[in-house]
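Chains as they are written, first to last, in my numbering: chain D, 1 to 79; chain A, 1001 to 1150.
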């Protein structure tokens, strides 16, 4: 990991088109300002990791359970 | 000629024949599987709310997904301008929303829908993107069975 030290008001560039500015530091919170290309998406890491785990779980279903669940919800919808 | 428009792929549910125009391109892959780009949707059974979002490149990569609206009428998602641009959405009617499904081993009654990472598909442009929802008011794991018991 590359480690840099910045003060509030200072910025850094990733390539030519991503600029990250440290806006303020208040106690344990750091406010960052991002200037990014229009098609760049930004996601918080904890959300991203949670979805990664859910994707993995969505892969692990056994066929037997899958068909059982299909039965279960077909019946319920027909009620 | 018509033959060229079909292709046989291997899936978690065995071989399936799909139409070329049912291939959906995920320019960023799925979260955790960002190197696989081409997917198709396969119904588990007729009338089932469950589908497999199946990679064309890897037979083992078939995620269980469902139409959330079969279970939860008022589910809403947010798309940023960047995400709309990636999906080439210019009309909200072009999109379909899916969510991944978790079935705990041997406990199909404890099936949950994962509402924080919907997969949005522009079925006109055949483009897909998984879109993390940050300020979601919905639970991460929504259990349809628990709802039925109310």
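Think of the CB as a built atom: it goes at the ideal place given N, C-alpha and C, for glycine as much as any other residue.
Please read all numbers here as calculations on a predicted model, not as lab measurements.
Put simply, the backbone Cα of residue 30 of chain D is about 13 Å away from that of residue 11 of chain D.
Contact check for residue 1067 of chain A against residue 1097 of chain A passes: the beta carbons are separated by less than 9 Å. At a cut-off of 9 Å between beta-carbon atoms, residue 1045 of chain A makes contact with chain D. Between residue 35 of chain D and chain A, the shortest Cβ-Cβ separation is not below 9 Å. Of the candidates D/5, D/28, D/26, the residue whose Cα lies closest to the Cα of residue 20 of chain D is D/5. The beta-carbon of residue 50 of chain D is placed less than 9 Å from the nearest beta-carbon of chain A. Chain order gives the chain D residues near residue 1050 of chain A as 66, 69, 70, 73, where near means a beta carbon separation below 8 Å. The Cβ neighbour count for residue 1127 of chain A, taken over all protein chains shown within 10 Å, is at least 16; the residue is labelled buried.
Taking a C-beta distance under 9 Å as the contact criterion, residue 1105 of chain A and residue 60 of chain D qualify as a contact pair. Closest by C-alpha distance to residue 1082 of chain A, out of D/69, D/41, D/54, D/74, is D/41. Within its own chain, no residue has a Cβ closer than 8 Å to the Cβ of residue 57 of chain D once the five positions on either side in sequence are excluded.
When DSSP states are grouped into helix, strand and coil, residue 1122 of chain A belongs to the strand group.
The C-alpha of residue 1064 of chain A lies about 45 Å from the C-alpha of residue 8 of chain D.
Around residue 1012 of chain A, the same chain offers 1052, 1054, 1059, 1060, 1062 as residues with beta carbons nearer than 8 Å, after the five sequence neighbours per side are excluded.
Going by DSSP, residue 14 of chain D is part of the beta strand (DSSP E) stretching over 11–14. For residue 55 of chain D, the chain A residues whose C-beta falls within less than 9 Å of its own C-beta are 1030, 1031, 1032, 1033, 1063, 1100, 1114, 1117, 1130, listed in chain order. Only buried fits residue 1122 of chain A, as 16 or more other CB atoms lie within 10 angstroms of its CB.
In the structure shown, the three-state DSSP call for residue 1112 of chain A is strand.
Listed along chain D, the residues sitting closer than 9 Å to residue 1105 of chain A by beta-carbon distance are 60, 61, 62, 65. Proximity of residue 1039 of chain A to chain D, defined by a Cβ-Cβ separation below 9 Å, is not satisfied. Contacts with chain D at 9 Å (Cβ-Cβ) do not include residue 1026 of chain A.
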